[in-house]
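**Q** Here it is: the structure, laid out below.
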Amino acid sequence: MQQAISIILKRQGDSLVRLTGLLYRRGYVIESLSVGPDTCQGQVRVKAVVTNSQAAPRQLYSHVSKLVDVVKVEACPLGG
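In terms of the numbering used here, the sequence shown has 34 at position 38, counting the first letter as 1, and numbering is strictly consecutive.
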């Protein structure tokens, strides 16, 4: 099942590494990843499309929101 999420991270050197590492360890396959500055200074927005045949969308949000650098996690429509 493909899921698209938007994540706002604090801008730190290892934030993206922590996020992708968590997704890998939880069995998510990253189909696409887009990273860019957010409107707030010191933050970046990450849009990801991931696939996992066993995990529910709620689990994905729960896992990602537990990371220290995460400010906000929200669903976004696929293709958007």
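Glycine included, every Cβ here is placed at the ideal spot set by N, Cα and C. Just so it is clear, the structure is predicted and the values come from calculations on it, not from any experiment.
(1) With the cut-off set at 9 Å, would you say I3 and V45 are in Cβ contact?
(2) Does R54 come out as helix, strand or coil in the three-state DSSP assignment?
(3) Would S11 be called buried (16 or more neighbouring beta carbons within 10 Å of its own) or exposed?
(4) Drop a sphere of 10 angstroms on the beta-carbon of Q(-1), count the other beta-carbons inside from all chains shown, and report buried for 16 or more, exposed for fewer.
(5) Tell me the DSSP bridge mates of T47?
(6) Is P33 near V42, with beta carbons less than 9 Å apart?
**A** Quick look at the numbers:
(1) Here residue 3 is taken as the residue at index 7 of the sequence shown, counted from 1. Here residue 45 is taken as the residue at index 49 of the sequence shown, counted from 1. No, these two residues do not count as a Cβ contact at 9 Å.
(2) For the purposes of this step, residue 54 is taken as the residue at position 58 of the sequence shown. Looking at R54 - three-state DSSP - the assignment turns out to be helix.
(3) Start at 1 with the first residue of the sequence shown, and residue 11 comes out as number 15. With 16 or more other Cβ atoms within 10 Å, it is buried.
(4) As a working note, residue -1 is residue 3 in the sequence shown. Flag for Q(-1) reads buried.
(5) Numbered from 1 along the sequence shown, position 51 holds the residue referred to as residue 47. T47 pairs with Q(-2) and V25.
(6) Position 37 of the sequence shown, counted from the first residue, corresponds to residue 33. Position 46 of the sequence shown, counted from the first residue, corresponds to residue 42. For P33 and V42, no; Cβs fall outside 9 Å.
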